[in-house]
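Chains as they are written, first to last, in my numbering: chain A, 1 to 298; chain B, 299 to 701.
Ideal Cβ placement from N, Cα and C applies to all residues, glycine included.
A short write-up of the structure that comes next.
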Amino acid sequence: MFSIEVKNIIKAYGNRAAVNNVSFDVNQGEIFGLIGPNGAGKTTTIRMMMDIIKPDSGEIKVMGEKLNDGSKNKIGYLPEERGLYKKMSVMDTIIYFASLKGVDKVLARKRGEEMLKRADLLPHQNKRIEELSRGMGQIIQVIITTIHEPDLIILDEPFSGLDPVNTQLLKDIIRELKNRGKTIIMSTHLMNDIEELCDRLLMINKGRAVLYGSVAEVKSKYRNNAVLVEAEGDLGAIEGVTGIVPHNGALELKLDANTTPQMVLERLVKKGIVINRFELSMPSLTEIFIKVVGDEHE
Amino acid sequence: MNKTMLLIKHEFINTVRRKAFVILTLAFPVIALLGLLAAQVIPSMLTPATTIEKVGYVDKVGIFTQGLTEYKTELVPYADETGAKTELTDKKIKEYFVIGQDYLSSGLVQRYTLASEIAPSSTVQTVIRDFLLNNLLKGNSEEIITRAKSPLNISSTTLTTAGTPAARQGGFSAFILPYIFSILLMMAIFTSSGYLLQGLGEEKENRVMEILLSSVSPRQLLAGKILGLGAAGLMQIIVWLVSANFLVKIAAASFGNILGSLQIGPEFIILAIIYFVLGYLLMAVIMAGMGSISPTAREGQQMSALVTIPVAIPIYFMAIIMEHPENPFVKVLTFFPITAPITVIVRLGLSEIPLWELLVSISILILSIWGLFVLTTKLFRTYLLMYGKRPDLKEIIRSFKEA
Numbered sequence: 001m002f003s004i005e006v007k008n009i010i011k012a013y014g015n016r017a018a019v020n021n022v023s024f025d026v027n028q029g030e031i032f033g034l035i036g037p038n039g040a041g042k043t044t045t046i047r048m049m050m051d052i053i054k055p056d057s058g059e060i061k062v063m064g065e066k067l068n069d070g071s072k073n074k075i076g077y078l079p080e081e082r083g084l085y086k087k088m089s090v091m092d093t094i095i096y097f098a099s100l101k102g103v104d105k106v107l108a109r110k111r112g113e114e115m116l117k118r119a120d121l122l123p124h125q126n127k128r129i130e131e132l133s134r135g136m137g138q139i140i141q142v143i144i145t146t147i148h149e150p151d152l153i154i155l156d157e158p159f160s161g162l163d164p165v166n167t168q169l170l171k172d173i174i175r176e177l178k179n180r181g182k183t184i185i186m187s188t189h190l191m192n193d194i195e196e197l198c199d200r201l202l203m204i205n206k207g208r209a210v211l212y213g214s215v216a217e218v219k220s221k222y223r224n225n226a227v228l229v230e231a232e233g234d235l236g237a238i239e240g241v242t243g244i245v246p247h248n249g250a251l252e253l254k255l256d257a258n259t260t261p262q263m264v265l266e267r268l269v270k271k272g273i274v275i276n277r278f279e280l281s282m283p284s285l286t287e288i289f290i291k292v293v294g295d296e297h298e
Numbered sequence: 299m300n301k302t303m304l305l306i307k308h309e310f311i312n313t314v315r316r317k318a319f320v321i322l323t324l325a326f327p328v329i330a331l332l333g334l335l336a337a338q339v340i341p342s343m344l345t346p347a348t349t350i351e352k353v354g355y356v357d358k359v360g361i362f363t364q365g366l367t368e369y370k371t372e373l374v375p376y377a378d379e380t381g382a383k384t385e386l387t388d389k390k391i392k393e394y395f396v397i398g399q400d401y402l403s404s405g406l407v408q409r410y411t412l413a414s415e416i417a418p419s420s421t422v423q424t425v426i427r428d429f430l431l432n433n434l435l436k437g438n439s440e441e442i443i444t445r446a447k448s449p450l451n452i453s454s455t456t457l458t459t460a461g462t463p464a465a466r467q468g469g470f471s472a473f474i475l476p477y478i479f480s481i482l483l484m485m486a487i488f489t490s491s492g493y494l495l496q497g498l499g500e501e502k503e504n505r506v507m508e509i510l511l512s513s514v515s516p517r518q519l520l521a522g523k524i525l526g527l528g529a530a531g532l533m534q535i536i537v538w539l540v541s542a543n544f545l546v547k548i549a550a551a552s553f554g555n556i557l558g559s560l561q562i563g564p565e566f567i568i569l570a571i572i573y574f575v576l577g578y579l580l581m582a583v584i585m586a587g588m589g590s591i592s593p594t595a596r597e598g599q600q601m602s603a604l605v606t607i608p609v610a611i612p613i614y615f616m617a618i619i620m621e622h623p624e625n626p627f628v629k630v631l632t633f634f635p636i637t638a639p640i641t642v643i644v645r646l647g648l649s650e651i652p653l654w655e656l657l658v659s660i661s662i663l664i665l666s667i668w669g670l671f672v673l674t675t676k677l678f679r680t681y682l683l684m685y686g687k688r689p690d691l692k693e694i695i696r697s698f699k700e701a
């Protein structure tokens, strides 16, 4: 069963389509990345999944059915813009939001204490939210998002505004949730995070889905026909190689359309060149992102 | 616990914990109590001096011979003005007055003092008046003289058409409580519905709204907020009613002669509570609607003036409501949902409101609350998350149609 099925959703604000005919599925237990530039429609898509706004047309199923009160309790949602009741204490905030997800007080307090301890925030449990730093507040929100042990966790730009220590803490939490079988959907415009954490991704640009699949699939689809070589001595001219450019201490060999990496390797070996490293040159998601978004722009 | 109950509890606790709310709730009874204490303590501090004041007079008519010893004042006759003036400048007397030759036709009495004053004090006026009356009515019985000094003590009774005394006798005491309560009711309604508007604006600005909506439905959220804050407002009005009942007893004991039989009947308390609840619910629903279409808390507050001003209309027209309760305009105010609560409370003190009028007014209120609640839930859902953008009228109408 899919954790989320989205079929042909459309949402327009005035004449502008914020989300235009987007479809995707999220498998159970995976980390799914929703990527795209600012204003691409990521948050609108997430709000429609959460039934905060309704799509103009299209269908969304969460855990096999339309979102309802019961399924809301199985979802944890971290909105893009963060805010909490400023005057409430940390523990009261955690307990209140947990209770709205159907967790009883005693259990909420116990779990809240464990989670605060893990984030080194336990000494702050009686402080008011307004006394915390921004980063701390954000970690509290992550705790609120996950305290009811949801099966599906939706994080909208979870790393924005976090310092490196808290970023690492949050990445560890996300990996741990995945290990416990939870499904995670995260939106971001930082490709490194996706590359590091996600199994599959959907890229949206100007409201349309432009890339969809596993991270490996997407990368191989956008593979350059090139290899990276680190070798001793000069390579000289090689048949089928149209150009050589330095690339992070190695050399990137661009191949013509009739040449495969295997053929280049053979030719290098035949020439008696000592090879220390030989690998396919894969574009980073950042490069793909820029390429796709740039193409759309033209 | 049901999610709506959780929201109600949260809103209630957060409101009654607010400093401003606690201060406002306690301010009315405390200020009233202080006022009552002051009214008892200050006169005793102002009791007249025990020494006897000397006041001189010159009688040019020749009939004012009988002196006066009341009011801690001694009247000293002088043969002419020069003598009196010398004694005054030497501060042997406090003041003196001259009864002119034409007094009997003009009533003119010329008074001379050393201190400048806004108007002659009431004691001095009484002293001079009683002195004049004593002499003018010389030869009449003590009884007649006393009555002439205070000839009228009016007491009115309102009769029903059947000729029996009516249940409501009107008057100052019957009017004062509804008057105070119409203002308190308005304050309570504005306070709680104002908190609602502020709360919505804040949650919208700090984005708590999205977390809430990922857990509860817009209808649950709206109902929870309205009822939670309403419970806080109801508590406030009950504190006021209970303390008013208590204060009135103190007041009646101390100032029974002025206030007469001031009392808060059970019927008044019940209607005050019914109209608070309905008036609040109506305002709350309207405020929630305003809150959902305005992008910031501040703009919401500005827009809310559009409805808060009409609520106070009955206060502006209080004179008409008091003097002409049968006027059709007053009926309109009684039935129009926004003005009904205050109008009914004001009218209660003056005349019997026919039962059918109350029933019509309450039914209209309930129907408008329900209708507006349904509409507001739709608005709420559509516009809540349109941060920084206010929908125009066309869009609002369209969203009603679509919803």
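C-beta contact flag for residue i and residue j at 7 Å
i: residue 56 of chain A; j: residue 119 of chain A; result: no
i: residue 207 of chain A; j: residue 20 of chain A; result: yes
i: residue 590 of chain B; j: residue 677 of chain B; result: yes
i: residue 601 of chain B; j: residue 616 of chain B; result: no
i: residue 358 of chain B; j: residue 398 of chain B; result: yes
i: residue 658 of chain B; j: residue 612 of chain B; result: no
i: residue 322 of chain A; j: residue 146 of chain A; result: The structure shown does not extend to residue 322 of chain A, since chain A is modelled only from 1 through 298, so no value can be given for it.
i: residue 514 of chain B; j: residue 307 of chain B; result: no
i: residue 281 of chain A; j: residue 252 of chain A; result: yes
i: residue 385 of chain B; j: residue 356 of chain B; result: no
i: residue 327 of chain B; j: residue 491 of chain B; result: no
i: residue 425 of chain B; j: residue 363 of chain B; result: no
i: residue 137 of chain A; j: residue 166 of chain A; result: no
i: residue 94 of chain A; j: residue 105 of chain A; result: no
Closest Cα partner of residue i within the set the options
i: residue 286 of chain B; options: B:668, B:604, B:591; result: For residue 286 of chain B there is no data in the structure shown, the boundaries of chain B being 299 and 701.
i: residue 274 of chain A; options: A:288, A:48, A:234; result: A:234
i: residue 528 of chain B; options: B:310, B:302, B:478; result: B:310
i: residue 497 of chain B; options: B:301, B:302, B:313; result: B:313
i: residue 511 of chain B; options: A:3, A:14, A:49, A:25; result: A:49
i: residue 330 of chain B; options: B:539, B:379, B:442, B:506; result: B:539
i: residue 661 of chain B; options: B:361, B:381, B:576; result: B:576
i: residue 73 of chain A; options: A:238, A:101, A:80, A:131; result: A:101
i: residue 218 of chain A; options: A:52, A:236, A:107, A:194; result: A:194
i: residue 488 of chain B; options: B:606, B:354, B:375, B:586; result: B:606
i: residue 46 of chain A; options: A:186, A:126, A:226; result: A:186
i: residue 304 of chain B; options: B:519, B:665, B:567; result: B:519
i: residue 351 of chain B; options: B:340, B:334, B:374; result: B:374
i: residue 503 of chain B; options: A:112, A:229, A:249, A:82; result: A:82
i: residue 278 of chain A; options: A:288, A:292, A:261; result: A:261
i: residue 333 of chain B; options: B:632, B:548, B:318, B:625; result: B:548
i: residue 608 of chain B; options: B:620, B:584, B:626, B:621; result: B:584
i: residue 581 of chain B; options: B:545, B:505, B:494, B:458; result: B:494
i: residue 477 of chain B; options: B:663, B:626, B:620; result: B:620
i: residue 248 of chain B; options: B:419, B:377, B:482, B:421; result: Nothing can be reported for residue 248 of chain B: it is not among the residues displayed for chain B, which extend from 299 to 701.
Chain B contact residues for residue i, given Cβ-Cβ distances below 8 Å
i: residue 203 of chain A; result: Residues of chain B passing the Cβ test: none, with the nearest at roughly 24 Å.
i: residue 144 of chain A; result: 509
Under 8 Å from the C-beta of residue i: neighbouring residues of chain A
i: residue 513 of chain B; result: 72, 73, 97, 100, 101
i: residue 317 of chain B; result: In chain order: nothing, as chain A lies at least about 11 Å away.
For residue j and residue i, believed in contact at Cβ under 8 Å, the rounded distance
i: residue 639 of chain B; j: residue 573 of chain B; result: 4 Å
i: residue 204 of chain A; j: residue 34 of chain A; result: 7 Å
i: residue 199 of chain A; j: residue 30 of chain A; result: 4 Å
i: residue 432 of chain B; j: residue 443 of chain B; result: 7 Å
i: residue 122 of chain A; j: residue 113 of chain A; result: 7 Å
Neighbouring residues, chain C, relative to residue i (Cβ below 9 Å)
i: residue 50 of chain A; result: Of the protein chains in this structure, namely A and B, none is chain C.
Chain B contact residues for residue i, given Cβ-Cβ distances below 7 Å
i: residue 83 of chain A; result: 504, 505, 506
i: residue 79 of chain A; result: 505, 508, 509
Worksheet item: Residues in the segment 301-333 of chain B with C-beta within 7 Å of chain A's C-beta atoms, listed in sequence order?
Response: Result list: 301, 304, 308.
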